[in-house]
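Down below is the structure, laid out as structure tokens.
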Amino acid sequence: MHKKVYADNAATTKIHPKVMADMLPYLTEIYGNPSSMYSLGQQSAKALEEARSSVAKIFNANANEIYFTSGGSESDNWAISGMMKALKKKGKTHIITSRFEHHAVLHTCQSLEKEGFGVTYLDVYENGIVKLADVEKAIREDTGLVTIMYANNEIGTIQPIAEIGALCKRKGILLHTDAVQAAGHVRIDVKEQNIDMMSVSGHKIHAPKGVGILYIRRGLAPQNLIYGGGQERNRRAGTENVASAVGLASALEIAYEGLEEKEEKLAQMQNRLIDEVLRNITHSRLNGDRDKRLKSNVSFCFEGVEGESLLLKLDFKGVSASSGSACTSGSLDPSHVLLSLGLPHEIAHGSLRLSFCEENNMEDVDHILEVLPPIIDNLRAMSPLWERIVKAEKERNKN
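Residue numbers (my numbering): 1163 to 1561.
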């Protein structure tokens, strides 16, 4: 029986036992609709507002700036599409984003382009980090919104959000950040970092799937995305998912308790994994900056290897991993994130993302380091591409 290692926490996480316990009453005894006037409904309403206040405190926001959604994708769509449609009345029709955003951002921007909005897609370079100077250079008179992710979902690089926020504030432009991967891993202060809107998703931090947050700074009025009842202060219709909102608030509290100690443990695991893989597997590379990255994330590319085959063989050895975003795992095209770093298609196809949480340990890393090199050797032995790489290298060495 192979040791089981779950190393795909950037795709989703299991629900924390305390989160489940905190949710349970609102799935059983306290099941009232929070819009109902009787006591059972008002108990649900009270729990919802307590969860909202808890989330607000963690991010240094006001409770009335927190809106519960169905997840990161809805939050991104609402923030970008809703805000730009509201700003259009003021002549602001231009968006600045990056080439390696999550598709929830990119596809929303592309949809807005079809409606006549302008979008500038910034390069992220080999280190996977947006340059502040590029953001400033891209600003136009009609720029209404900058949307840059806090940390990339595939390679884990952390963007200079505070610096971009300060620039946007000086220029009178709004800043939205997709913080789905960053929340629970880095401390975020929406006021100090001049963040106007921020997306968070529950299932990345041991809360349930299907619940998220959109922080909207007080005074902003993005156009509604979902119409119907008057829930979420008339901004987001639909009966509130009380149990999941309670779970998300609980998960955030757990994530930020002792955060620095958790991140130090993850950093030690990350450093050992990176050092050993780069030392022992030839023609391997780390994707993105070595230091400015989430401590939970490691992304490699291996020349002469197909990512899909690599994942299947790792799974056979008990390791659950991914080649990139779970949202695009059915695609045979190489990751747009890796291509944005300037990697050629044949190298981008051989990618591996390993993402950990506080439940992982050094034994998990050791198991990966034990099974990964022979899998790479086996795949390369069957690869015509690897044969060409070796042949070309021999020719270069001759000369």
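Where is the CB? At the ideal position from N, CA and C, for every residue including glycine. Nothing here was measured: the structure is a model prediction, and the numbers come from that model.
{"Check": "In this structure, does DSSP put Pro-1304 in helix, strand or coil?", "Outcome": "Residue identity check: residue 1304 is Asp in the sequence provided, not Pro. Correct three-state label for Asp-1304: coil."}
{"Check": "Excluding the five sequence neighbours on either side, which residues of its own chain have a C-beta within less than 8 angstroms of the C-beta of Asp-1304, listed in chain order?", "Outcome": "Gly-1253, Lys-1254, Thr-1255, His-1256, Gly-1280"}
{"Check": "In this structure, how does DSSP classify Tyr-1418 when only helix, strand and coil are distinguished?", "Outcome": "helix"}
{"Check": "According to DSSP, which residues form a beta bridge with Ile-1257?", "Outcome": "Val-1281, Leu-1307"}
{"Check": "Whose C-beta lies closer than 6 angstroms to the C-beta of Gln-1243 among residues of the same chain, with five residues either side of it excluded?", "Outcome": "Looking at the sequence itself, residue 1243 is Ser, so the reference to Gln does not match. Once the five neighbours on either side are set aside, the close Cβ partners of Ser-1243 are Thr-1270."}
{"Check": "Between which residues of its own chain and Val-1297 is the CB-CB distance below 7 angstroms, once the five residues before and five after are set aside?", "Outcome": "Ile-1258, Leu-1284, Val-1308, Ile-1326, Leu-1329"}
{"Check": "Drop a sphere of 10 angstroms on the beta-carbon of His-1507, count the other beta-carbons inside from all chains shown, and report buried for 16 or more, exposed for fewer.", "Outcome": "exposed"}
{"Check": "List in chain order: all unbroken beta strand (DSSP E) runs of 3+ residues lying wholly within the region 1313–1349.", "Outcome": "1336–1340"}
{"Check": "Beta-carbon separation of Ala-1417 and Gly-1346 under 8 angstroms?", "Outcome": "yes"}
{"Check": "For Lys-1371, tell me which candidate among Ala-1413, Gly-1233, Ser-1482 has the shortest Cα-Cα distance.", "Outcome": "Gly-1233"}
{"Check": "Apply the 10 Å Cβ neighbour rule to Tyr-1200 and answer buried if 16 or more other Cβ atoms are within range, or exposed otherwise.", "Outcome": "exposed"}
{"Check": "Output needed for Ile-1443: all residues of its chain with C-beta closer than 6 angstroms, excluding positions within five of it in sequence on either side, in chain order.", "Outcome": "Pro-1535, Ile-1538"}
{"Check": "Quick check: the Cα distance between Ile-1375 and Asp-1170, rounded to an integer number of angstroms?", "Outcome": "22 angstroms"}
{"Check": "Going by other Cβ atoms of all chains shown within 10 Å of its Cβ, with 16 needed for buried, is Gly-1409 buried or exposed?", "Outcome": "buried"}
{"Check": "With a threshold of 16 other CB atoms inside 10 Å of the CB of Phe-1518, please say whether the residue is buried or exposed.", "Outcome": "buried"}
{"Check": "Rounded to a whole number of angstroms, what is the C-alpha to C-alpha distance between Leu-1505 and Thr-1282?", "Outcome": "21 angstroms"}
{"Check": "Count the other C-beta atoms from every protein chain shown that fall within 10 angstroms of the C-beta of Ser-1491, then say buried if there are 16 or more, exposed otherwise.", "Outcome": "Since pLDDT at Ser-1491 reaches only 47, below the 50 mark, its modelled position is unreliable, and the value read off the structure follows with that caveat. So Ser-1491 ends up on the exposed side."}
{"Check": "How many Å lie between Gly-1392 and Ala-1413 at the Cα?", "Outcome": "27 angstroms"}
{"Check": "Could you tell me which residues DSSP puts in a beta bridge with Cys-1463?", "Outcome": "Arg-1447, Ser-1513"}
{"Check": "Out of curiosity, what's the CA-to-CA distance linking Arg-1261 and Pro-1187?", "Outcome": "43 angstroms"}
{"Check": "Short check: CB of Ala-1407 to CB of Phe-1230, under 8 angstroms?", "Outcome": "yes"}
{"Check": "Alpha carbons only, please: which of Glu-1438, Ala-1344, Ile-1228, His-1368 is nearest the one belonging to Arg-1395?", "Outcome": "Ile-1228"}
{"Check": "I need the boundaries of the alpha helix (DSSP H) containing Leu-1541, first residue and last residue.", "Outcome": "1524–1543"}
{"Check": "Go to Phe-1478, then tell me how far its alpha helix (DSSP H) extends in each direction, as first and last residue.", "Outcome": "1469–1478"}
{"Check": "What does DSSP give as the partner residue(s) for Leu-1376 in the beta ladder?", "Outcome": "Tyr-1229, Ser-1361"}
{"Check": "Quick check on this structure: which residue in Asn-1314, Asn-1224, Gly-1278, Ala-1554 has the alpha carbon closest to the alpha carbon of Arg-1515?", "Outcome": "Asn-1314"}
{"Check": "With H, G and I counted as helix, E and B as strand and the rest as coil, what does DSSP make of Arg-1397?", "Outcome": "coil"}
{"Check": "Residue range of the alpha helix (DSSP H) that Asp-1238 falls in?", "Outcome": "1234–1239"}
{"Check": "If you reduce the DSSP assignment to three classes, tell me which class Lys-1166 lands in.", "Outcome": "coil"}
{"Check": "With which residues is Ala-1243 paired in a DSSP beta bridge?", "Outcome": "In the sequence under discussion, the amino acid at residue 1243 is Ser, which differs from the Ala named in the question. Answer by DSSP bridge pairing: none, since Ser-1243 is not bridged."}
{"Check": "I'd like to know whether the C-beta atoms of Phe-1221 and Asp-1351 end up nearer to each other than 8 angstroms.", "Outcome": "yes"}
{"Check": "Applying the criterion that 16 or more other CB atoms from any shown protein chain within 10 Å of the CB defines a buried residue, is Leu-1456 buried or exposed?", "Outcome": "buried"}
{"Check": "Could you name the residues that DSSP lists as bridge partners for Arg-1455?", "Outcome": "Thr-1319"}
{"Check": "Rounded C-beta distance between Gly-1334 and Met-1246? I'm assuming under 8 angstroms.", "Outcome": "Actually they do not touch by this definition, with Cβ atoms about 15 angstroms apart."}
{"Check": "Quick one: what's got a C-beta closer than 8 angstroms to Asn-1239's C-beta in the same chain, skipping five residues either side?", "Outcome": "Ala-1266, Thr-1270, Leu-1387"}
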